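This report refers to the structure that appears directly beneath it.
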Amino acid sequence: MEEGEYKSTYGELTSVRCVFEKALTNHRAKCRLAKHFCLADREGYSCEDAESSLNCAELLEKLRKKSAFVLKVRDINGPLPHNTEIRVQAGGVKGLARLINTEITGTVDDINLVLT
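The sequence shown begins at 3 in our numbering and counts up by one.
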């Protein structure tokens, strides 16, 4: 599949994009609102609720800004390199989940529950 065609089809499948897609794809977290799909030889996630997606986007932006010191960068103005973004998404959600439930050691079962 040509990259342009892939991006077009991906856009059709993700009318509401999941901002924590990297954490979900790498099996570091789950979300009850995430809809999994496979496209060509790749996989992705969309969100079933636009309002929750906005809340997640706001949380992710805060996680990025708060992780600047740990990542040893001065300013974060958007998405980070792939592996760094996974660390921010997965580590940030796991850290917040552990504040709620100290027994969490592995995968976060529902990102949406962390937000509520």
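Virtual Cβ for every residue (Gly too), placed ideally from N, Cα, C.
Computed from a predicted structure; not experimentally measured.
Simplified DSSP state of residue i, which is helix, strand or coil
i, result
"Phe39", "strand"
"Ser10", "helix"
"Ala96", "Residue 96 is actually Lys in this sequence, not Ala. DSSP places Lys96 in helix when its eight states are reduced to three."
"Val116", "helix"
"Asn79", "coil"
"Lys24", "helix"
"Glu4", "coil"
"Asn103", "coil"
For residue i, the first and last residue of its enclosing alpha helix (DSSP H)
i, result
"Ser54", "Ala52 to Lys68"
Strand pairing of residue i, partner residues [DSSP]
i, result
"Ala31", "Val110"
"Arg19", "Ser48"
N-terminal and C-terminal residue of the beta strand (DSSP E) that residue i is part of
i, result
"Gly46", "Arg44 to Cys49"
Contact check, residue i vs residue j, beta carbons under 9 angstroms
i, j, result
"Arg30", "Thr118", "no"
"Leu35", "Glu50", "yes"
"Val95", "Ser55", "no"
"Asp112", "Lys32", "yes"
"Val116", "Leu62", "no"
**Asked** Would you say the region 33-52 touches the region 82-94, given that touching needs at least three Cβ pairs under 8 angstroms?
**Response** Because the criterion of three Cβ pairs below 8 angstroms is not met, the region 33-52 and the region 82-94 do not touch.
**Prompt:** Given 8 angstroms as the limit, is there contact between the region 88-97 and the region 15-30, that is, 3 or more CB pairs closer than that?
**Reply:** yes
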